[in-house]
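Heads up: the structure comes next, in structure tokens.
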Amino acid sequence: MGRPWNFRRVVVAAVAAALPLATVIPVSAADAVNQKQTLDTGANTLRTPMAQTFKAVLPGQIDRISLEETFTTLTENVQIQGVTNGRPDGSVLGSSSFTGALACCKLWKDFTFNPTVTVTAGTEYAIVVTPSSNLTWYDSYSFDAYTDGQMWLMVSGSWAYQTSYGRDFTFQEWLVSGSTNRPPQVTESSTSVTAPEGSTATMTGTYQDPDGDNVALSASPGGTLTKTGTSGGTWTWSQTGADESPVQQVTITATDGHGGSTPVMFNVSFAPVPPTVTIVGAPSSGPEGTAITLSAKATSPSAADQAVGFNYSWSMKKGSGTSTAPVTGSTFSFVPDDEGSFAVTLTAVDDGGNGASVTATITGTNVDPKASLSWTFSGIVLLPLTPITFDGGFTDVGALDTHTATLDYGDGSPLDTTTYGASGQGGNPDTYAFAAPGTYSVTYTVTDDDGGSASVTVKVTVQTPAVALGAIADGIATMPSLDKGDKNGLMAKYRAAAASASRGDNNATCGQLGAALNDLSALTQSGRISQADSGALASATWSVHRALGCTKVKVAWLNLSL
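Taking our numbering, I'd label the letters of the sequence shown as residues 760 to 1321.
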């Protein structure tokens, strides 16, 4: 490295020996020199950062560094750094700056450190000087005046040992007399904190450094840590629990940068929180016999629980009865089998085994039964005393309802009543014959045990003999087994009997019926009418005969195959 234009080297050993030491003015009456190098047989002027390593003889607190310098006006920064492999390693332990000018030349300039820098006996440190403009310093030239360190210059970003600029520059390192570093103090507001999972646990405390050092705080194992102040104040630690967790110990450590550190510990845990459970789609009531489908929903303040999901189970209890066995799944369906109260309970359990339940009460409402009624009879005419088959029945979606059914024939006769146990359906067949002609309203009514009912009415017309005989005549006209002549003959006889019956002449009617039966017998025996048509005519004729109370029956009638 070449010399700068303002480089000067002066061997002034004799002069240096005669320099007055009165220029060294202690900053504090309590401090004293720990290490020094005062042989100034050479001088250099540069603006390059330079450093002088030294080894602490005594432990203590550096409160100032004195440097022998000449400059006009500049800003000069002096740091105490750690040393690695003999060179400054960039770890700043303390810093002091000055901006201004010296009154004269070759004076000792003090750089004070507040807070002080803690040094350990036998450990190497470095005085690093960075000037903003040209600075003249003084050194031991070619003499290795200080054997526990050496001078370094910054060359192209690296520290270099250049003996042509001197082996050691002049310095004095001052220790606070009788003083040792005192560690910072740190306290917590409580020894433990518990927060629900999904929320934030918080701990607070205070810290203070008795020496006024800047204090750094750290937390292990993690969390967010903030503080107020520099050498004293308050601190706040917080952490959000994504899930429940056992007790863990958190350590807050306060360090002062001079080797002093103080820890404080507290316990943190996150307690499990049961999920919030909701039954979705639960109506206040529903008709019996109709399915109701419900869905499960659960939420948790724990993000972890929410991500994994929940296990759902359902049970149901009707009235004051016993709950059903649990069934699993996110949905549940049931059919109210009767009116009454149905309590459906949903339980949700998270991955940590923490569960909660909710119950929805649904009222099953009664649904009226449905009734049906039909009737049939055998023959082509319906006359008094003709047996009629009635088929009444019901269905009910309320499978547990009991029922009472009545059949009212509409003729003043007693009701036909039937009771049924718990069932969703029933039938009430019956055979009945009306005593007199007329149109009757036959009503079938069913009533369940909850008061629901249904009715159905059919009309039944019982014919008079005259009307019945006219209907028989009309029926003969459509019989395919008779030829036209035979049809006309039979039809004439039945119409004549109908006319007699209309006049109320039962004797004439009975005689005319006998004649008609004789003709029918002859037609049957000769095969001019089918057995089916013959049997239908005979049955209808006998019904009219019975309704009129005819007593004379010819042998041919009795022998007629019906």
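Every residue gets a Cβ at the ideal spot worked out from N, C-alpha and C, and that includes glycine.
What you are looking at is a predicted structure, and each value in this text was computed from that prediction instead of being measured.
Item                                                                                                                     : Value
N-terminal and C-terminal residue of the beta strand (DSSP E) that ASP848 is part of                                     : 846-859
Outcome for ALA1030 when other beta-carbon atoms lying within 10 angstroms are tallied against a minimum of 16           : exposed
Distance between THR1049 and PRO1196 (C-alpha atoms, nearest Å)                                                          : 46 Å
Candidates GLY957, THR953, GLU835 and ASN803: closest to PHE928 by CA position                                           : ASN803
Separation of TYR1253 from LEU1159, as counted between CA atoms                                                          : 56 Å
Reduced DSSP secondary structure (H/G/I, E/B, other) of LYS1246                                                          : helix
DSSP state of ASP1167 mapped onto helix, strand, coil                                                                    : strand
Residue ranges of each alpha helix (DSSP H) within the region 1056-1137, 4 or longer                                     : 1062-1067
Neighbourhood of GLY1180 by C-beta distance below 8 Å, restricted to the same chain and skipping five residues each side : THR1161
Proximal residues to THR1198 (C-beta, below 8 Å), its chain only, five neighbours per side dropped                       : LYS1218, VAL1219, THR1220 and VAL1221
Which listed residue (SER1289, GLY1263, ASP790 and ALA810) has its alpha carbon closest to that of GLY925                : ALA810
Beta-carbon gap between VAL878 and ALA975 smaller than 7 Å                                                               : no
DSSP three-state assignment for THR906, whether helix, strand or coil                                                    : coil
Paired residues, beta bridge with VAL1219 - DSSP                                                                         : TYR1199
Inter-residue spacing [alpha-carbon to alpha-carbon] between VAL914 and LYS868                                           : 25 Å
In DSSP terms, what VAL1325 is bridged to                                                                                : Outside the shown range of the chain (760 to 1321) lies residue 1325, about which nothing can therefore be said.
Buried or exposed (CB count within 10 angstroms, at least 16 for buried), ALA862                                         : exposed
Collapsed DSSP secondary structure at GLY791 in the structure displayed                                                  : Note on residue identity: the sequence assigns Ala, not Gly, to residue 791. ALA791 falls in the strand class under three-state DSSP.
Residue from GLY1018, ALA1236 and THR1202 whose Cα sits closest to the Cα of GLY1248                                     : ALA1236
For ASP1233, three-class secondary structure by DSSP                                                                     : helix
Secondary structure of GLY1152, DSSP reduced to three states                                                             : strand
Rounded C-alpha distance that separates ALA781 from LEU866                                                               : In this predicted model, ALA781 has a pLDDT of only 29, less than 50, meaning its place in the structure is not dependable; the value taken from the coordinates is given anyway. If you take the alpha carbons of ALA781 and LEU866, they lie about 10 Å apart.
Delimiting residues of the alpha helix (DSSP H) encompassing ASP822                                                      : Looking at the DSSP string, ASP822 is not in any alpha helix (DSSP H); the run it does join, the beta strand (DSSP E), is 819-829.
Rounded separation between GLN1008 and GLY1078 - CA only                                                                 : 52 Å
Contact with chain B by VAL1032, beta-carbon distance below 7 Å                                                          : Looking at the structure shown, chain B is missing, and only one protein chain is on hand.
Contact under 7 Å by Cβ, PRO1033 with ALA1115                                                                            : yes
ARG767 to ASN836 span [Cα, whole Å]                                                                                      : At ARG767, the pLDDT of 36 sits below 50, so the modelled position is not reliable; the number obtained from the coordinates is stated separately. Roughly 23 Å between the two C-alpha positions.
Opening and closing residue of the beta strand (DSSP E) in which SER1298 lies                                            : Note, SER1298: premise wrong, no beta strand (DSSP E); alpha helix (DSSP H) at 1290-1307.
At least 3 beta-carbon pairs within less than 8 Å: the region 1284-1293 vs the region 1253-1270                          : no
Stretch pair the region 936-955 + the region 847-862: three plus CB contacts closer than 8 Å                             : no
Outcome for THR797 when other beta-carbon atoms lying within 10 angstroms are tallied against a minimum of 16            : buried
Anticipated Cβ contact below 8 Å, VAL1006 with SER979, distance rounded                                                  : So it is not a contact: roughly 15 Å between Cβ atoms.
Residue from TRP918, THR1087, THR1120 and ILE886 whose Cα sits closest to the Cα of VAL1108                              : THR1087
Sheet register partners of GLY1048 (DSSP bridge)                                                                         : Partner(s): none; GLY1048 has no beta bridge.
Residues bridged to PHE1029 [DSSP beta-bridge criterion]                                                                 : ALA954 and SER1004
Between the CA atoms of PRO943 and VAL771 - distance to the nearest angstrom                                             : Interpretation of VAL771 is limited by its pLDDT of 34, a score under 50 that renders its predicted location unreliable; no figure is taken from the coordinates.
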